[in-house]
Structures are given as C-alpha cells and as structure tokens.
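In our numbering, the protein residues as written are 64 to 342.
See the structure below:
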C-alpha cells in the first residue's frame, strides 16, 4: 500500500512546474539542432520513438533500411521527446526509461494498433443551459478493413453527483421478507427515497457512458468544443507515460512525454483508477 501511495504522489507531482534538461549519456547535455524541430503529430511521435524517420524528419525508414530503428538514432530522438521545461521528471528516471526501451537484448517499441494506449479528450458540452466540462476517453478498435476511434468511458460531474449511494446506517434497504408482501414496499422506496441507488447490489457501478449517449439522444447534451487532448500509454512493459501537446516558443515543443511512472505489480490498476477518477 505504501508503494501505491508513493506511486500516485509521483504521478501527481509530474504536473508541477520545474526546470528540466535534455540528457544524453551519463549526465551530458545534448543540443543537436537537427533534432530540435517540434514533434508536430502523434504519428510522428511514434516514428521518432521507434527510430523510423531521419534526423531531419524528411525521410521515413522502413524495415530493411539501414537506419530503421537504429539504436543511436532512437536514443537521440527519445532525448527530445520529454517535456523538459514544465514537467518535474527526474533525470535518473528518464535515463532509466531510455536505457530500458533501447536495450540491446530486448528493445521496446510503440505500435499504433497494438492497444494499451488511449486518448483523453477534455471537452465542453451544454447541459441544462450551462457550459459543462466533459472528459471523454477514446480507444482504437478494429472496424472492417481498418480501425476507428470509439468512446469507451466518460467523466461528467453531474452524473457522478447523481449517484451517491449511502453507506452504513444511512443506507435504507428492502426488508428480507419483502417477497411476502409482493414487494409492494417498492412504492415507498422508489417514490419517497431520493437515493434509489440504495437498493442496488454492493457491486453496482453506474454506466456513465450509456447515460451520456442517452442524454445526447434526448437533446439535453450538446457538443461545443474540444479544449485539450492527451494520451495514456501502457505499451512499454513495466512503465506508464503520458503524452501531451505543448505549444510554446523554443525547441522543446509539440507532442512530448509529460509524465513517466515505473510500474510494479498492481500499480497499473492504481494509475488507471486515478485517470478514470474511480477510486
């Protein structure tokens, strides 16, 4: 439990602002102008992470090409794929991650259609005549001969607040002999109790996605805009990282790793609960 608490604290701390640096081999600062261009697209992040494009970004490498997934090329690229200006990512942690994914014996690569990564879109909808923040989680799934993005989860505060199941002595219940009354006491439970979720099983979890779709179909939820998008990656064995977009002056811009966590057994579930706000 202590390890899990530390993990979550590390996850949260990565959002705090602190100066960073680009590292190379033991502690050296690397500044190569050829690598300074912004990582403008998520697909380009994949290519750079895997070492599948040239230093200048004007040529893509394919299997069989001499420089395809070249280890030195990958190390140089990954050095500049971290947010080194605002994310408090320890240099030693970044170096450990770099060495792990570029190891000689078992290098790790990202696969676009490999699963274990998903998008988090912060959006705005109107609901009840007011602008409301809605967080949508999307994943890729096979469709026909290709793939499509689909919404797999939603965070919406009004939905969450609507399901506040009482606990302990505060929770009302249907008497175990209710069946002898033909369950006529359901009338009182459904009409008089403002907390009908009290009469659901212990394992009950509201299906916010179905509610979300239902409210859209009824015309109560209307889309306005997308404010921000970021991505969560669990593809690298024993690691989690977050990918965010940074629009700012300088070289350290575009799609960059904004959070990095080394995972132990059981930690993935802790991080997912944090992301989905399902603790």
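Using N, Cα and C, we set each Cβ at its ideal position, and we do this for glycine too.
message = I'd like to check one pair, residue 217 with residue 199: are the Cβ atoms closer than 8 Å?
response = yes
query = Cα-Cα, which of 215, 263, 244 is closest to residue 229?
reply = 263
Spatial neighbours of residue 90 in its chain, beta-carbon cut-off 8 Å, leaving aside the 5 residues before and after = Its pLDDT being 38, under 50, residue 90 is placed unreliably in this model, and the value from its coordinates should be taken loosely. So the list reads 154, once near-sequence residues are dropped.
request  = Determine which residues share a DSSP beta bridge with residue 288 and list them.
outcome  = 187
query = Are the beta-carbon atoms belonging to residue 138 and residue 123 less than 8 Å from one another?
reply = no
Complete runs of the beta strand (DSSP E) confined to the stretch 193 to 222 [at least 3 residues] = 193 to 206, 209 to 218
task = Kindly give me the distance between the Cβ atoms of residue 331 and residue 303, rounded to whole angstroms, as I take these residues to be in contact under 8 Å.
result = 7 Å
task = Compare the C-alpha of residue 224 against each of 101, 269, 106 and name the closest.
result = 269
ask   = Helix, strand or coil: how does DSSP classify residue 103 here?
value = coil
query = Cα-Cα, which of 114, 121, 148 is closest to residue 314?
reply = 148
query = What do you get for residue 101, buried or exposed, if any count of 16 or more other CB atoms within 10 angstroms of its CB means buried?
reply = buried
ask   = From the DSSP output, which residues share a beta bridge with residue 317?
value = 102, 309
ask   = What number of angstroms, rounded off, separates the C-alpha of residue 283 from the C-alpha of residue 273?
value = 14 Å
inquiry  = Excluding the 5 residues flanking residue 297 on each side, which residues of the same chain have their C-beta closer than 7 Å to its C-beta?
reply    = 179, 180, 303, 331
query = What residue does the alpha helix (DSSP H) around residue 254 start on, and which one ends it?
reply = 249 to 255
request  = Could you tell me whether the stretch 125 to 143 touches the stretch 163 to 182, using the rule of 3 or more Cβ pairs below 8 Å?
outcome  = yes
key: Residues near residue 108 in its chain [Cβ-Cβ closer than 7 Å; skip 5 each side]   = 102, 144, 306, 318
request  = Pull up the DSSP beta-bridge partners for residue 322, would you.
outcome  = 305
inquiry  = I'd like the span of the alpha helix (DSSP H) that includes residue 161, first residue to last.
reply    = 154 to 164
query = Which two residues bound the contiguous alpha helix (DSSP H) that contains residue 142?
reply = 134 to 142
inquiry  = Less than 8 Å between the beta carbons of residue 235 and residue 256, yes or no?
reply    = yes
ask   = For residue 310, does the count of other Cβ atoms within 10 angstroms reach 16, so buried, or fall short, so exposed?
value = exposed
task = Determine the contact status of residue 291 and residue 185, defining contact as a CB-CB distance below 8 Å.
result = yes
message = Rounding to the nearest angstrom, what Cα-Cα distance links residue 133 and residue 141 in this structure?
response = 12 Å
request  = Could you please give me the residues that DSSP links to residue 293 through a beta bridge?
outcome  = 183, 307
message = So, at 8 Å on beta carbons, what are the nonlocal neighbours of residue 177 in its own chain, with the 5 sequence-adjacent residues on each side left out?
response = 298
ask   = Since residue 339 is in the alpha helix (DSSP H), which residue starts that stretch and which ends it?
value = 330 to 339
key: Close-in-space but distant-in-sequence residues of the same chain around residue 242 (CB under 7 Å, 5 per side omitted)   = none
task = List the whole-angstrom C-beta distance separating residue 113 from residue 172, where the pair is believed to meet the contact cut-off of C-beta under 8 Å.
result = 5 Å
task = Mind checking which residues open and close the alpha helix (DSSP H) that includes residue 173?
result = First-last for residue 173: undefined, no H or E at that position.
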